[in-house]
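Chains as they are written, first to last, in this note's numbering: chain A, 87 to 371; chain B, 236 to 730.
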């Protein structure tokens, strides 16, 4: 008699924990051929709000850590991801029907991207800030600071897209609520497991799975969210309504566009969610 | 001696004879058109009057730009942009240096006109607004041929045609903040000055002619809110730079959804000015005065919420009142004037309404005795004590010479109160303890933090807000970012 396998229940990742959706809803996830893979949580408005609350609560500690420390934590995520790469390759192959070589390439790119962003946290203030030579006896210095809580809508795909939108946001000290790719939510939750075991403080990254069209408007209109990344939004009308909702509290918005996720990212994934602070102090005896 | 007697005696000791600047240096034409494609022409809307807020006299009749005029201006800017961007950076640089020099040469004339049209004291327009505007052109002139060193990649590209919509509080300076970086980076501009302060922008149009700036590189369209809305929604606009209210900023942010337009917004504020018990008290009092009464308090980064540590509250308030009693309110052209006219009747009404709400909500108001001119729009410098965080005067931008005072006990409480606002433009900290000053600066969610100083501006220093105070920075290397094309999309069609 063959052994009956123990299937994993895919839940949400909020505040460092893995709760089911409070709505009790789920939706079936299928493989590339349309066969059933698993049930994913169908997050609700309440889940989205809980996630924002967790992200806000995590912000003072995460943004207040030294850049060196944030850098190490993000590098640690890359390490743990590398150690579990086989599982991600399998998931990518089953969810997307991708060839083994392509799955390997996507996992390589996701790990390397985390390593790249890990190194950015303590470079940003030097690259983006500096001393300003004002015409008077003043010390004057500008430095970037994180905007706060950022909502990110991940592009389609199991892993690389999600890593590509989360890592740039958190490396500078923001916290985030991400909506995973609707057809590929399973690896997102597995990535949550990686994060939960990488010394990333609870609430810095929160992951929601479910219909983008239903979840994104709650985040776009949430008054305690400071920025939104629309990368994963392909529906032009939805993108417009999200940008309009985001204007209510002047969220920093990164619009969607066609991007090759395998190519080197531009700095704007980080700079869109950074505020330049300039401090003046008189000089004198 | 009671404080009020003391105050009266101090005020009496400071009698000055009037020292008015001559207004003859400024030529005010009875009628001014729009500046489009290098020439002045009448707009197709209904001309409107701009008045001197200190006397209520009509200064000039100004054209109103409507849809057809805006379209013409945007097309002129588009045609000019291709040529302007093809010039070498060095040539663009020289044009900007020229503009800077002419502004310096005609500084007195611009300053007088600014004070007449805006109501601000001549000492401010003469010593701050106009010299800083010239400095802005000087600063960005130097960038025009060095953009590849600015941290925007090896081949920075302009965005295209910029719509600049500016407010009435610093008309000429805000024009410089918008036009100088836009031109340096190879963009062209259609600028709409505020309805109540169009005259120095139209004088700048003459300066563009004197500088032989190619036609269409700078276009100036006058009008009210409808003209501004028409301009920013024109499909030929690639970039919007707006300074003004958060309400309008929000409308603009909504209106660009689904377009390729990029936007920078410099909006309202409700800055905390925080005074610790170890502050250099004389400087702090000057900083408080400067923070809220500079430019009649018509300053988005004004230090309108004074947070005083409880242990020095009485001393600070007493000294503040003594200092307020010798502020001179009156003729903007008088060189001794500290506080000029409120820019418009509608702004005066807004200030009056908010101060009345302060009284109705239970705060205590104090103003020194001062005789306000019979004509024109005036508001005596006012300080509110007994203010709670929930009061409108502690939450809403008054944009007038009205200070709300709150107290705190610990640095953490100061930070909490200071950050308890949807705005985040500026903040002030007064303490002689260096480590506390730096800690406070790191905790305050504001784009500019002035430690032991306030309301300092410099073209090399980035300025702009957190949260609902807007996004993007003006000034410095950071100010270039808003005028250079984003590079991240790899396929055409989505820029």
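All residues carry an ideal CB built from backbone N, CA and C; glycine is no exception.
Keep in mind it's a predicted model, so treat the numbers as computed, not measured.
For residue i, which residues from the same chain have a beta carbon less than 7 Å from its beta carbon, with the 5 sequence-adjacent residues on both sides left out?
i	result
residue 189 of chain A	175, 178, 179
residue 372 of chain B	331, 334, 335, 338, 411, 415
residue 613 of chain B	564, 576, 577, 607
residue 286 of chain B	292, 293, 294
residue 165 of chain A	none
residue 362 of chain B	none
Would you say residue i lies against chain B (beta-carbon separation less than 8 Å)?
i	result
residue 298 of chain A	no
residue 251 of chain A	no
residue 213 of chain A	yes
Can you pull the chain A residues whose beta carbon is under 7 Å from the beta carbon of residue i, in chain order?
i	result
residue 683 of chain B	364
residue 696 of chain B	218, 220, 226, 364
residue 368 of chain B	Simply none; closest approach about 13 Å.
Going along chain A, which residues have a C-beta under 9 Å from residue i?
i	result
residue 533 of chain B	Result: empty, since nearest Cβ-Cβ is about 21 Å, beyond 9 Å.
Under a Cβ-count criterion, where at least 16 other Cβ atoms within 10 Å of its own Cβ denotes burial, should residue i be classed as buried or exposed?
i	result
residue 87 of chain A	exposed
residue 405 of chain B	buried
residue 540 of chain B	buried
residue 205 of chain A	exposed
residue 169 of chain A	exposed
residue 364 of chain A	buried
residue 584 of chain B	exposed
residue 337 of chain A	buried
residue 687 of chain B	buried
Run through chain B and tell me which residues come within less than 7 Å of residue i, C-beta to C-beta.
i	result
residue 325 of chain A	493
residue 330 of chain A	489, 492
residue 171 of chain A	Residues of chain B passing the Cβ test: none, with the nearest at roughly 27 Å.
residue 255 of chain A	Near residue 255 of chain A there are no residues of chain B at all, since even the closest Cβ is about 15 Å away, more than 7 Å.
residue 361 of chain A	682, 701
How long is the line joining the alpha carbons of residue i and residue j, rounded to whole angstroms?
i	j	result
residue 670 of chain B	residue 478 of chain B	34 Å
residue 117 of chain A	residue 182 of chain A	6 Å
residue 368 of chain B	residue 246 of chain A	47 Å
residue 730 of chain B	residue 344 of chain A	In this prediction, residue 730 of chain B has a pLDDT of 30, which is less than 50 and means its spatial position is unreliable; what the coordinates show is noted afterwards. Roughly 10 Å separates the two Cα atoms.
residue 685 of chain B	residue 382 of chain B	29 Å
residue 392 of chain B	residue 342 of chain A	21 Å
residue 275 of chain A	residue 229 of chain A	34 Å
residue 738 of chain B	residue 503 of chain B	This structure cannot settle anything about residue 738 of chain B, because the visible part of chain B is limited to 236 through 730.
residue 566 of chain B	residue 394 of chain B	43 Å
residue 472 of chain B	residue 443 of chain B	21 Å
residue 299 of chain A	residue 292 of chain A	18 Å
residue 138 of chain A	residue 260 of chain B	59 Å
residue 513 of chain B	residue 409 of chain B	36 Å
residue 428 of chain B	residue 355 of chain B	16 Å
residue 200 of chain A	residue 252 of chain A	9 Å
residue 441 of chain B	residue 262 of chain B	12 Å
Looking only at its chain, what residues have a beta carbon closer than 8 Å to the beta carbon of residue i, apart from the 5 residues adjacent to it on each side?
i	result
residue 125 of chain A	95, 96, 112, 113, 114, 115
residue 516 of chain B	547, 550, 551, 554
For residue i, decide whether its Cβ has a neighbour in chain A, counting only Cβ atoms nearer than 8 Å.
i	result
residue 729 of chain B	A caution first: residue 729 of chain B carries a pLDDT of 32, below 50, which makes its placement in the model unreliable, though a value can still be read off. Yes, residue 729 of chain B lies at the interface with chain A (some Cβ there is under 8 Å from its Cβ).
residue 526 of chain B	no
residue 364 of chain B	no
residue 371 of chain B	no
residue 468 of chain B	no
residue 392 of chain B	no
residue 693 of chain B	yes
residue 500 of chain B	yes
residue 454 of chain B	no
residue 676 of chain B	yes
residue 485 of chain B	yes
Find the residues of chain A that neighbour residue i, judging by a C-beta separation of less than 8 Å, and give them in chain order.
i	result
residue 688 of chain B	224, 366, 367, 368
residue 657 of chain B	335
residue 630 of chain B	Ordered by position in chain A, no residue passes the 8 Å Cβ test against residue 630 of chain B, which lies about 15 Å from the chain.
residue 266 of chain B	Going along chain A, no residue has its Cβ under 8 Å from residue 266 of chain B, so there is no contact; the nearest lies around 38 Å.
Residues of chain B with CB under 8 Å from residue i, in chain order?
i	result
residue 312 of chain A	702
residue 322 of chain A	493
residue 338 of chain A	706
Might you give, ordered along the chain, the residues of its own chain that have their beta carbon closer than 6 Å to the beta carbon of residue i, omitting 5 neighbours on each side?
i	result
residue 296 of chain B	266, 282, 284
residue 275 of chain B	268
residue 704 of chain B	502, 504, 658, 659, 660
residue 360 of chain B	346, 349, 350
residue 240 of chain A	247, 248, 251, 264, 266, 267, 318
Measuring only between beta-carbons, confirm whether residue i sits less than 8 Å from chain C.
i	result
residue 263 of chain A	Note that chain C does not occur in the displayed structure, where the protein chains are A and B.
Can you list the residues of chain B that residue i reaches, using a CB-CB cut of under 9 Å?
i	result
residue 291 of chain A	Within chain B, no residue comes near residue 291 of chain A; the closest Cβ sits about 22 Å away, beyond 9 Å.
Flag residue i as yes when its Cβ comes closer than 7 Å to any non-hydrogen atom of the ligand MN, and as no otherwise.
i	result
residue 350 of chain A	In terms of ligand content, the structure shown is empty, and the ligand MN therefore cannot be addressed.
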